[in-house]
Amino acid sequence: MMSPHRTPDWLLERIALGELPPDELAAARARLAQEPDGEARLAALEAENRALLEQLPASVVAREVERRARRDEARSLEVSPWHRWRPALALVPVLAVLLLVVARPGSRPGELEGESAEETRTKGLPPQLGLHRLAAQGPETLAQGALAAPGDVVQVSYVAAGARFGVIFSVDGRGTVTLHAPESGLDALPLEPSGTHALPQAYALDDAPAFERFFFVTSDAPFSLEEVLAPARVLATSDGARTALLPLAERFRQVSFILEKSSP
Numbered sequence: 000m001m002s003p004h005r006t007p008d009w010l011l012e013r014i015a016l017g018e019l020p021p022d023e024l025a026a027a028r029a030r031l032a033q034e035p036d037g038e039a040r041l042a043a044l045e046a047e048n049r050a051l052l053e054q055l056p057a058s059v060v061a062r063e064v065e066r067r068a069r070r071d072e073a074r075s076l077e078v079s080p081w082h083r084w085r086p087a088l089a090l091v092p093v094l095a096v097l098l099l100v101v102a103r104p105g106s107r108p109g110e111l112e113g114e115s116a117e118e119t120r121t122k123g124l125p126p127q128l129g130l131h132r133l134a135a136q137g138p139e140t141l142a143q144g145a146l147a148a149p150g151d152v153v154q155v156s157y158v159a160a161g162a163r164f165g166v167i168f169s170v171d172g173r174g175t176v177t178l179h180a181p182e183s184g185l186d187a188l189p190l191e192p193s194g195t196h197a198l199p200q201a202y203a204l205d206d207a208p209a210f211e212r213f214f215f216v217t218s219d220a221p222f223s224l225e226e227v228l229a230p231a232r233v234l235a236t237s238d239g240a241r242t243a244l245l246p247l248a249e250r251f252r253q254v255s256f257i258l259e260k261s262s263p
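Using our numbering, you'd call the opening residue of the sequence shown number 0 and step up by one each time.
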C-alpha cells in the first residue's frame, strides 16, 4: 500500500543521521519504504553527506580544538566570587568542524502534505537535541546516556520542530548551570525553524563528576532566560538533577540529553 504522505526533508535528514530513537527510526524507515521515491531520496542524501564528510579536515580541526581547550582550561583556574556562573565547559570556537545537513528550501519541521502545522506538531516529533564528539577521525554521534570524559569536545545541535524561541543549557554533577545558546543576553534565542542546526561553538567537557545533562527548552512566544534558568539552578542542586523535569509553565516544551561522565 502506498503512503499518502511524503517524508519531509527535515525528517529524512534525521533518518540519514540516525538521530531518532530506535523505534521511531524503524517506523520512519518503514514509512519511507512505502513511498515511490523514498529509498532513492535517502540514498542520495546519504551519498551527499558522505561526500561532504570526506572534505572535513578533521585532524586539523581536532588539533586546534585541543590547543584552545588547554588554553581555556588554564585560564579557568582563576578563583572568582562568581564561581557558580563560570562555564562548566571550556568555550572552544570551531568553524566547519561538523557535518550537519543544511535545511532544504521549502521544508518545515514536522509538516506533512495535507496537514496543518499545528496538527503535525501534535502528532510529530518534539524538538530534539543532538550531540557529537569531535575527534581526529571525525565527528562521532553520541547516544542518550553515552559515556564521556573530561576534555572531550562536544558539538551541540538542535532541531526546533517548528518551535520559534528556545534556550540550550546544561547542568552537571557539581550543580553548575552552563548557558550554551544564546551565548549572552537576557532573552531566548530565535530558533531556525527548519532542519538541524549546530551551535556556533563546540565545548570541552571539564572535570565535573558524574554527568552533564543538556536541556533544550522551547516556546512559540518570546521569553526571558530567567524564566527557565531560575528553576534550572534549583534543579541542578537537587537529587533530581539527573532525571527530573524542570517545573515550567505549560507554554514551554523541554527535552534533555545526558552524558555520563567517567573519572578523570
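Cβ coordinates follow ideal geometry from the N, Cα and C atoms, glycine included. Bear in mind the structure is a predicted one, so any value in this text is a computation, not a measurement.
1) Hey, residue 38 and residue 44 are a contact pair by Cβ (cut 8 Å); roughly how many whole angstroms apart?
2) Quick check: what's the CA-CA separation for residue 239 versus residue 233?
3) Closest by CA to residue 144, which one among 26, 226, 255?
4) Taking Cβ positions, are residue 165 and residue 187 nearer each other than 8 Å?
5) Could you spell out where the alpha helix (DSSP H) holding residue 212 opens and where it closes?
6) Measure the alpha-carbon distance for residue 190 versus residue 157 and round it to whole angstroms.
7) If I measure Cβ to Cβ from residue 148 and keep anything under 8 Å in the same chain, skipping five residues before and after, which residues do I get?
8) Near residue 282, which residues of its chain fall below 6 Å by C-beta distance, leaving aside the five closest residues on each side in sequence?
9) When you compare the CB positions of residue 266 and residue 29, do they come within less than 8 Å of one another, or not?
10) Does residue 30 come out as helix, strand or coil in the three-state DSSP assignment?
11) If you count every other CB in all the chains shown that lies within 10 Å of the CB of residue 171, and 16 or more means buried, which is it?
12) If we count the other Cβ atoms within 10 Å of its Cβ and call it buried at 16 or more, is residue 17 buried or exposed?
13) Can you give the Cα-Cα distance for residue 334 and residue 228, rounded to whole angstroms?
14) Taking the beta carbon of residue 352 as the centre, do at least 16 other beta carbons fall within 10 Å, making it buried, or is it exposed?
15) List the whole-angstrom C-beta distance separating residue 197 from residue 154, where the pair is believed to meet the contact cut-off of C-beta under 8 Å.
16) Please name the residue or residues paired with residue 41 in a DSSP beta bridge.
17) Can residue 247 and residue 221 be called in contact, C-beta distance under 8 Å?
18) For residue 41, collect the residues of the same chain with a Cβ closer than 7 Å to its Cβ; drop the 5 residues on either side in sequence, then sort them by chain order.
19) Residue 183 and residue 212: beta carbons closer than 8 Å?
20) Please look up how many angstroms separate the CB atoms of residue 214 and residue 167, rounded, as I've assumed it's under 8 Å.
Judging by the given coordinates:
1) About 11 Å separates the two Cβ atoms, so there is no contact after all.
2) 10 Å
3) Of 26, 226, 255, the smallest CA-CA separation from residue 144 is found for 255.
4) yes
5) No alpha helix (DSSP H) holds residue 212; the beta strand (DSSP E) holding it covers 210-218.
6) 9 Å
7) 204, 260, 261, 263
8) Outside the displayed range of the chain (0 to 263) lies residue 282, so it cannot be described from this structure.
9) A question about residue 266 goes unanswered here, because the residues of the chain that appear run from 0 up to 263.
10) In the structure shown, residue 30 adopts helical secondary structure according to DSSP, grouped into three states.
11) buried
12) exposed
13) With the chain represented from 0 up to 263, any question about residue 334 goes unanswered, as that position is not in the structure.
14) Examination of residue 352 is not possible in this model, given that the chain is present from 0 through 263 alone.
15) Indeed, because the Cβ distance is near 6 Å, the residues count as touching under 8 Å.
16) Beta-bridge partners assigned by DSSP to residue 41: none are found.
17) no
18) 11, 14, 15, 31
19) Taking 8 Å as the cut-off, the beta carbon of residue 183 is found no closer than this to the beta carbon of residue 212.
20) 7 Å
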